[in-house]
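*Asks:* The listed protein sequences derive, respectively, from chains A, B, C and D.
First residue of the first sequence? That's -10 in our numbering, and the numbers climb one at a time after it.
First residue of the second sequence? That's -10 in our numbering, and the numbers climb one at a time after it.
First residue of the third sequence? That's -10 in our numbering, and the numbers climb one at a time after it.
First residue of the fourth sequence? That's -10 in our numbering, and the numbers climb one at a time after it.
Glycine included, C-beta positions come from ideal geometry on N, C-alpha and C.
This is the structure I want to talk about, given as structure tokens.
Number of protein chains: 4
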Amino acid sequence: MAIKSPIGVAFLGLGRMGETHLRNLLGLPGVKVVVVADPRLEAAEHGKALAGAEEATTDVERAINSPSVDAVVIVTPTNTHARLLEVAAKAGKAAFTEKPIALDLAETARVVDLIREAGIPVQLGFMRRFDPGYARAKQKIDTGELGRIELFRALSRDTYPPSLEFLRGSGGLFLDMAVHDLDLARFLIGEVEEVNAWGTVLVDERFSEAHDADTAVTLLRFANGALGVIETSRHSNWGYDIRTEIAGSVGKIIVEAPQKTPMVYATNFASSFDHFENFPDRFEAAYRLELEAFFRALQEGRKPAPGPEDALETLRLALAVTKSWREGRPVKIREI
Amino acid sequence: MAIKSPIGVAFLGLGRMGETHLRNLLGLPGVKVVVVADPRLEAAEHGKALAGAEEATTDVERAINSPSVDAVVIVTPTNTHARLLEVAAKAGKAAFTEKPIALDLAETARVVDLIREAGIPVQLGFMRRFDPGYARAKQKIDTGELGRIELFRALSRDTYPPSLEFLRGSGGLFLDMAVHDLDLARFLIGEVEEVNAWGTVLVDERFSEAHDADTAVTLLRFANGALGVIETSRHSNWGYDIRTEIAGSVGKIIVEAPQKTPMVYATNFASSFDHFENFPDRFEAAYRLELEAFFRALQEGRKPAPGPEDALETLRLALAVTKSWREGRPVKIREI
Amino acid sequence: MAIKSPIGVAFLGLGRMGETHLRNLLGLPGVKVVVVADPRLEAAEHGKALAGAEEATTDVERAINSPSVDAVVIVTPTNTHARLLEVAAKAGKAAFTEKPIALDLAETARVVDLIREAGIPVQLGFMRRFDPGYARAKQKIDTGELGRIELFRALSRDTYPPSLEFLRGSGGLFLDMAVHDLDLARFLIGEVEEVNAWGTVLVDERFSEAHDADTAVTLLRFANGALGVIETSRHSNWGYDIRTEIAGSVGKIIVEAPQKTPMVYATNFASSFDHFENFPDRFEAAYRLELEAFFRALQEGRKPAPGPEDALETLRLALAVTKSWREGRPVKIREI
Amino acid sequence: MAIKSPIGVAFLGLGRMGETHLRNLLGLPGVKVVVVADPRLEAAEHGKALAGAEEATTDVERAINSPSVDAVVIVTPTNTHARLLEVAAKAGKAAFTEKPIALDLAETARVVDLIREAGIPVQLGFMRRFDPGYARAKQKIDTGELGRIELFRALSRDTYPPSLEFLRGSGGLFLDMAVHDLDLARFLIGEVEEVNAWGTVLVDERFSEAHDADTAVTLLRFANGALGVIETSRHSNWGYDIRTEIAGSVGKIIVEAPQKTPMVYATNFASSFDHFENFPDRFEAAYRLELEAFFRALQEGRKPAPGPEDALETLRLALAVTKSWREGRPVKIREI
């Protein structure tokens, strides 16, 4: 797919993460935001001004089809991703989209097929893969510095539980939160064959109302024989807490919850350091680097990654975990 | 139980850990090693010289019954613990014993009953409880600084896999290794209701020959609603790796694998610090402190802890985990 | 000073740091690079393309005077700073400039006077003040969490010694390197009254040829009574090593050499983590934040900091340290 | 010097550190405390009971001369060390003594001569050399893993300022506190040629009354060309804070103020870990290991270290630092 320079971008969705992504775009060489679209005209106009774009519109689909647009960046609500990818596929535009494609496996598979047929480059927003810590972990694993992988552990604790409204559309704890750890599991270790999840409600009774869990532990069995655990929680009183650990026959890697700053403060017989409050700060570099990687792939004619097939397989995994939790039994991924 | 001063001790078993325990005894005020017993006379004589004891003998049971002995310290092989505790109970001598009492639940229950009937003070060697890190964790939990407990995680990796001979008498991965994490789970969080374990052989094919696993992941459901995971491995190329994490509604605790020394070395764009090679170094303080606590309890007329009931309940838990692994299904503790 | 929106910028100097600064500018809202100037036309053209600027020129002074330019960003060689600031002052343009204004005190004072008379907003590139670690340290000090300040310690080790050519125009170890620590000393603690420096050549004999030192230790006495030390070295085999420590009656702060990523790797009985190789990586956020602060100050009509007076006073301090080293005696700042 | 087994010990001085040393002795093989002496009979009796010794006495000099005594351990007040070493030398008894020999150079030299002539093995209580962190640092330096040494930094902050009474007999900040860092400087790097110290009173006005400083910074120039700094303070609100850093052409070592336990607690967007309150805890292992090393040297017929010459040279250095501070000028060690 030939891409002209600068690459004309339709930027879709100006919520909080939208503005972060948009600002990150501004520093990229060879990329020009042409149109900013959001159902709220005010938001679109704000984005247009920020980006020095030519146009602001509330018609998101029309923005994709604009002739000066080569690529779209989709930061709209989850339930619009599939449709917008479909429009992009039909228009032959490259797309970066926030995960997921959809919360439904059949719908996701349908869109992945459309994308494959259209041959458009698509990258999913599994930003953790671009965090310098996770990227270095991947590199160490690939060079064999861990030896044969034996154990995987991932923990994710969100700082604040979401609203009940968000919950109802989120697909639940495993599709919304654990999905990032499942993507890391696939990225770092490989495909998973079987899972077993236990979940409960400890944080907030609203999760019971939503027929969801807010705390869970999950076992993983990988195709290569390694075992794994994932711990998931909707609340953390000590900041956004994302950690991953991979142990092998030769070495071990821990990606830690980093210090917010290199400053350590000591008083009263103790030293302390700050944690990041939430994902925009913790993964600030990752959000910049994933967009940079997407556009660099376009410029160099390479296929961006993670791609739509990753969205599909990670969704399948998250659905298996959800099924295991709901049915109280181990679930093989091939059941899904 | 009235204890005279100094407390006369029969020290039973002069293997490697025996010598460590014996040296730790020498620094304790109000404690006098009277007799050292080991089936190998040479070992007993070595211990006698080390401790300035009055007698060395190969007759372990007779040592317990010596009139100048008030308390016994049992560091003999696992399969002798039950019998020696029985002798101590009959003789009315206090006992500190390495864990376990026995690998069989009925036999353990029988000995626990004997001990209860005899009314002798008995402490089990779950030394991690006395490690300053774990003791501080317990204190933080008890003062409410974690709030309601939500998640427990324990990881144990032994540095070197044991010999096949040891394996055959060990009771398997969960009774021999995970048992320490299960004791911590009970000590720090409370009783467990249900477990689900997956195990495999990744380290060494000899574990298959012994019908054992060398790598495992286990889910826990606690009576108080909290969830937990335990990771267990028979090999670590980076040193003895024991860590525990407890997260609650208010705070989180991590007991880390500590630096071996406070020295950090930097070169070639990286800093590094050493880990302990094995348990005698990692838990050096814990081994000292557990004996100190045992004898202080005797001196102050308090019941030492952890006691025989802890050995029984932790064994029950380890048997449930083993059963879960063997049968490939969740197991309720009350099934055991 | 009224500033229109977007602020038109003349970007001066497209060396390596120039490109970093230019990219950082691109993500700033309300800022537009109008012209990029560099004596090498190719470099200017590269910058123009990168920024989507209107013009590339080799005539740096003319660029400042362009009517669509409101502010200049000076990233040219040190010996041009004074002249370009003079041109900016005469043209009434705001200026962000890499430090120093000049290596000569009289020349610096002359330019500071010109700036004061012209009333233009000027910010100096002491980027460390904007590093999240140092900014947090400043905040802790200002809120009294350290109590009365007692001790200041700063260490700077450059990764690679510079070329002899660079050395000859650098003003020497204290004006070129220690100046950052001296600025931090003034920023965090306050004015210095007296210094005493010892220097030597341990890294590279070329420093002797340049009549310079490559390794030094310096004592500071602050006006508020606190004491301080600065350690300076031109070489580090373990990465760019910048650390600062402030101790007071109540608390202590250490700004550490941070981990390059949150990944820790363990093997062979040790854990290790990576360090940053050099300043562009270590202070990546600081370089972004200092420009953001400069333009935000312009937009909000506030005086940016650190300003030209800081350049003057920090230069005076660096000259005093140099004099102390050369004359082998303590030097009071008021001597300079 | 032939030493019988077990080595008979006269233990002199049962203050707080005395009891710590005495307990450490009890765990040592081949060592037997024969007599405990203290001017306060009660203290001596307490020590006798603790050690199972044969005799308690208030006559410290007679205890040294007891025929069953081979070695003396001197933990009495500073102003008695010289006299007791003299008695030990005349009696031909080996001696471990707390530092210093004396606060006066001539007196120290006289005792060192007596010791040399008597040929008795003497070890000084510079315990930091035996801390596992410092011992590992020494090992790294000796194996060349730092390359050529360039910079030394030591910081010592005592938790609590001492009483005015203690101060008056202490020899001042540099003889009492910095002396440990000066010993480390000699141990790790080598002899010092010149020093320059600045001191002040920031912690407590009583130091002014005692004509002493409570806060100081000192420059060092080593004979091998390396430079150094020492920071010294009589107060720390965050626990006993002892750190040392050595940087060379190849690598760097930091001996940190270690975590009190491996437990890290997180809440409110920060993690914290505890520090040791004071030297008996921070250097617990060092106090054990220095006595173990002393008696092992006796048992193996080796000369123990650090010896009386170290006491003399380190005192000379501390006197030079004091002189530099008092006279406000650099002082060459050979002036003393």
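(1) Buried or exposed for C:Ser145, please, with buried defined as at least 16 other CB atoms from any protein chain shown within 10 angstroms of its CB.
(2) Could you check whether the stretch 297 to 304 of chain D touches the stretch 113 to 129 of chain D, counting it as contact only if at least three pairs of C-beta atoms, one from each stretch, sit closer than 8 Å?
(3) Suppose only complete runs of 3+ residues qualify. What are the beta strand (DSSP E) ranges in the stretch 197 to 243 of chain D, listed by chain order?
(4) Kindly identify the DSSP beta-bridge partner or partners of A:Gln112.
(5) With a threshold of 9 Å between beta-carbons, can C:Leu162 be considered close to chain D, or not?
(6) In chain D, what lies closer than 8 Å to C:Arg271 by C-beta?
(7) Excluding sequence positions up to five away, which residues of its chain have a Cβ less than 6 Å from the Cβ of C:Trp187?
(8) Across the stretch 163 to 175 of chain B and the stretch 215 to 225 of chain B, are there enough close Cβ pairs to call them in contact, namely three or more that are closer than 8 Å?
(9) Check whether the Cβ atoms of B:His224 and B:Val192 lie closer than 9 Å to each other.
(10) Output needed in chain order: residues of the stretch 236 to 261 of chain C with a Cβ under 9 Å from some Cβ in chain B.
(11) Please determine, among B:Leu287, B:His200, B:Ile104, the residue with the shortest C-alpha to C-alpha distance to B:Leu162.
(12) I'd like to know if the stretch 25 to 40 of chain B and the stretch 302 to 320 of chain B are in contact, where contact means that at least 3 CB-CB pairs between them fall below 8 Å.
(13) Excluding the 5 residues flanking D:Glu50 on each side, which residues of the same chain have their C-beta closer than 6 Å to its C-beta?
(14) Threshold first: 3 residues or longer. Then list the beta strand (DSSP E) segments lying entirely within the stretch 124 to 157 of chain A, N to C.
(15) Using a beta-carbon distance below 9 Å, is A:Thr204 in contact with chain B?
(16) Smallest Cα separation from A:Ala124: which of A:Pro319, A:Ala294, A:Pro89, A:Met6?
(17) Could you give the C-beta distance for A:Val58 and A:Val24, rounded to a whole number, given that I count them as a contact under 8 Å?
(18) Mapping the DSSP letters down to three states, classify B:Phe272 as helix, strand or coil.
(19) Would D:Leu107 and D:Lys79 be called neighbours here (beta carbons separated by less than 9 Å)?
(20) Can you tell which of D:Phe176, D:Leu177, D:Arg142, D:Ile138 has the C-alpha that lies nearest to the C-alpha of C:Val190?
(21) By DSSP's criteria, C:Thr256 is part of a beta bridge. Which residues make up the other side?
(22) Do you know how far the Cα of B:Leu17 is from the Cα of B:Arg105?
(23) Using a C-beta cutoff of 9 Å, does B:Asp263 count as contacting chain C?
(24) Count the CB pairs spanning the stretch 149 to 162 of chain A and the stretch 207 to 214 of chain A that are closer than 8 Å, and state whether there are at least three.
(25) Under a Cβ-count criterion, where at least 16 other Cβ atoms within 10 Å of its own Cβ denotes burial, should A:Glu87 be classed as buried or exposed?
(26) Please report how far the alpha carbon of D:Ala275 lies from the alpha carbon of A:Asp147, in whole angstroms.
(27) So, C:Ala255 versus A:Gly240, is the Cβ gap smaller than 9 Å?
(28) Identify, in the order they occur along the chain, each residue of the same chain with its Cβ nearer than 8 Å to the Cβ of C:Pro269, setting aside the five sequence neighbours on each side.
(29) What is the rounded straight-line gap between the Cα of B:Arg175 and the Cα of B:Phe272?
(30) In terms of alpha-carbon separation, which member of B:Arg72, B:Ala26, B:Ile231 lies closest to B:Arg142?
(31) Quick check on C:Leu267: does DSSP put it in helix, strand or coil?
(32) Would you mind stating whether B:Leu3 and B:Ala33 have Cβ atoms separated by less than 9 Å?
(33) In terms of alpha-carbon separation, which member of A:Leu15, A:Trp314, A:Glu324 lies closest to A:Asn185?
(34) Nearest to A:Glu194 by alpha carbon, out of A:Pro150, A:Gly214, A:Gly179, A:Met252?
(35) Between the stretch 116 to 128 of chain B and chain D, which residues of the former have a C-beta closer than 9 Å to a C-beta of the latter?
(36) For A:Lys312, name the three-state secondary structure that DSSP assigns.
*Replies:* Quick answer:
(1) buried
(2) yes
(3) Within the stretch 197 to 243 of chain D, the beta strand (DSSP E) runs of at least 3 residues that lie entirely inside it are, in chain order, 204 to 211, 216 to 222, 230 to 237.
(4) A:Phe85.
(5) no
(6) Near C:Arg271 there are no residues of chain D at all, since even the closest Cβ is about 16 Å away, more than 8 Å.
(7) Val206
(8) yes
(9) yes
(10) Ala246, Gln248, Lys249, Tyr254, Ala255, Thr256, Asn257, Phe258, Ala259, Ser260, Ser261
(11) B:His200
(12) Too few Cβ pairs lie closer than 8 Å, so no.
(13) Val76
(14) 138 to 146
(15) yes
(16) If we check each option's Cα against that of A:Ala124, A:Ala294 comes out closest.
(17) 7 Å
(18) coil
(19) Here the sequence assigns Ala to residue 107 of chain D, which means Leu is not the residue at that position. Contact: yes.
(20) D:Ile138
(21) C:Ala259
(22) CA-to-CA, the gap between B:Arg105 and B:Leu17 works out to about 27 Å.
(23) In terms of beta-carbon proximity, B:Asp263 lines the interface with chain C, with at least one pair separated by less than 9 Å.
(24) no
(25) buried
(26) 43 Å
(27) Yes. Within cutoff.
(28) Taken in chain order, the residues that qualify are Arg5, Met6, Thr9, Tyr276.
(29) 19 Å
(30) Answer by Cα proximity: B:Ile231.
(31) A small correction: the amino acid at residue 267 of chain C is Asn; Leu does not occupy that position in the sequence shown. Coil, per DSSP.
(32) The answer is yes: Cβ separation under 9 Å.
(33) A:Trp314
(34) A:Pro150
(35) Asp120, Pro121, Gly122, Tyr123, Ala124, Arg125, Ala126
(36) Looking at A:Lys312 - three-state DSSP - the assignment turns out to be helix.
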